[in-house]
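full-length UniProt numbering numbers the first residue of the sequence shown as 1 and each following residue consecutively.
Backbone N, C-alpha and C define an ideal beta-carbon position, used for all residues, glycine too.
Source: prediction; values computed, not measured.
Accompanying notes for the structure given below.
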Amino acid sequence: MGYASAAILRSALRRSGSSSMASSYFANRGLASAPSHERKVAILGAAGGIGQPLSLLMKLNPLVSRLALYDIAGTPGVAADVSHINTISEVKGYAGDDQLGEALEGSDVVIIPAGVPRKPGMTRDDLFKINAGIVKSLCEAIAKYCPNALVNMISNPVNSTVPIAAEVFKSHGVYDPRRLFGVTTLDVVRAKTFYAGKAKVNVADVDVPVIGGHAGITILPLFSQATPKANLSDEEILALTKRTQDGGTEVVEAKAGKGSATLSMAYAGAIFADACLKGLNGVPDVVECSFVQSTVTELPFFASKVKLGKNGVEEVLGFGPLSDYEQQGLEALKSELKSSIEKGVTWHAKSKNPTILSVYEPVKPIFRPLSPHLPIYKPQTSSTVSITNRISAMILTAVPLSYAFLTLKLGPICLANESVYQALHYSSKLGPISLQITALAMTYHLVHGLHDLYVLYRP
Ligand SMILES: NC(=O)c1ccc[n+]([C@@H]2O[C@H](COP(=O)([O-])OP(=O)(O)OC[C@H]3O[C@@H](n4cnc5c(N)ncnc54)[C@H](O)[C@@H]3O)[C@@H](O)[C@H]2O)c1
């Protein structure tokens, strides 16, 4: 990057007024000089709408020494492109399950924008079902390959994906609440921008805390605490609050079916990751809003200002005095936020029971139960389809035939139980597909009930 463009970005970031990033993202450090700490950042979903500009912004961050760009496909191209930028970090692209471990190993910060964005007509539940599975499988890999990394969860619905991540980490015995963050920075970025416009103040000077969660009314901007102070009417505050809460929908509708916020989200994700890196590096007084495990309300997870340090969350800060309007907003959001959190926890518990883990989108087979014991599953979309290519080798190598699995050739569909899924998921040395029916295994499952059946599609 030329110094002229670096200067433009530097001044843009200063103008943003972000407490932790703008003032020192590029400042006080020559772009060519070595960072004082070796820091590896992994981006999971790096080839997506958010992932690509986020990869660019993290490549520009001088606190990053290694940047791992992971996606199910497309990352070699993104990595080659970004790697030509003459900043300090070394960039590598990783594509597919086989390379996920290598992408994660040694990471200090893992940013997760992997998943499906909201599109018009899509219900939150549709989004939830797809992204829950993606987040679960990625967090399982994080638990295995870099359990000490700070995890920045962008994949929506953050109100549920963060609790799912916590449950995954707990089930692997590696949960540290200080290291798990729901990224709500875009709400803060929007609140600052909208407030500055209405209050006619310099946006670079604006601070607005945003608390609660990260969807609709659970997003609660505290304009009563906004600085610089402005004399806005109740109607104006109401309109600003509503616009902040509906910011995501504003973008979804404006993009008319082509996805949700990507560029502003990449910017917000870069600010938050920068704050995490600064905290890890011992920079004092790094504070950002984030959705974290919390005791500031009765809810187990809540977004508020958080002080970041060498181990992630150093302190979850309270939210101070609220106006009557904000107090009402807080009471109103609690039940929705509570049920979103519970939904994530319940989904994780149930995911040990029959769950679709892998579906290839173009395939829409009609699903029929094989026996009265089998429920019917509807197709969903997910990204882990590549594992089905390795099923037969796993049958032959890792799983005792009479006990642990069932695979069944059935057109484009095959079935496996959790132990097969887990083994496949982490295996890297398996061969091409050749599905088999094993009578013994089938009998076992039919006798014992297919209670932990996984349905895997292949194209
Ligand atoms: N937190 C926020 O404020 C916020 C804002 C906007 C969007 N989002 C969310 O971010 C997510 C991504 O949005 P987008 O617009 O970039 O979507 P996108 O579809 O453009 O990109 C998603 C990427 O994730 C990849 N992916 C899917 N499954 C994967 C897996 N198992 N491993 C690795 N990569 C995988 C896809 O291949 C794709 O490249 C969505 O869930 C969206 O709702 C969050």
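In the same chain as Ala226, and ignoring 5 residues on each side of it, the C-beta atoms closer than 6 Å to its own belong to Tyr195, Val208, in chain order. When Cβ pairs closer than 8 Å are counted between the two stretches, the segment 137 to 149 is seen to touch the segment 96 to 110, the count reaching three or more.
The three-state secondary structure of Lys305, taken from DSSP, is strand. Taking Gly269 as reference, the option from Leu100, Pro177, Ser36, Ala42 with the minimal CA-CA separation is Ala42. Scanning its chain for C-beta atoms nearer than 7 Å, with the 5 sequence neighbours on each side dropped, one finds around Cys146 the residues Leu104, Glu105, Gly106, Ser107, Val110, in chain order. Contact annotation: Leu280 and Lys305 have beta-carbon atoms that are not nearer than 7 Å. The continuous beta strand (DSSP E) containing Val287 extends over residues 286 to 293. In terms of Cα proximity to Glu288, the closest of Thr295, Lys278, Val296 is Lys278.
For Asn311, there is no enclosing alpha helix (DSSP H), as DSSP gives it neither H nor E. Note that the C-beta distance between Ala46 and Thr75 is below 7 Å. For Thr193, the three-state secondary structure derived from DSSP is helix. Annotation for Ala79: Leu69, Val91, Lys92, Gly93 place their beta carbon closer than 7 Å to its own, counting only its chain and skipping 5 residues before and after. Pairing Gly320 with Leu63, the inter-Cα distance amounts to about 32 Å.
Its chain contains Val82 as the residues whose beta carbon lies nearer than 7 Å to that of Leu56, once the 5 sequence neighbours on both sides are disregarded; these appear in chain order.
Assignment of Glu90 by DSSP, reduced to helix, strand and coil, places it in the strand class. For Ala256, there is no enclosing beta strand (DSSP E), since its DSSP letter is neither H nor E.
Leaving aside the five residues that flank Leu150 on each side, the residues in its chain whose CB is nearer than 6 Å to its CB run, in chain order, Val109, Arg179, Cys276, Gly312. Here Pro221 is bridged, per DSSP, to Val210. Shortest Cα-Cα distance from Gly216 to any of Ile134, Val158, Thr297 involves Val158.
In this structure, ligand 1 has a non-hydrogen atom nearer than 6 Å to the beta-carbon of Val183. Bridge partners of Phe181 according to DSSP: Asn152. For the options Ser171, Gly173, Val174, His214, the alpha carbon positioned closest to that of Arg190 is the one of His214. Counting only unbroken stretches of 4 or more residues, the alpha helix (DSSP H) elements lying wholly within the segment 64 to 108 are 75 to 83, 100 to 104, in sequence order.
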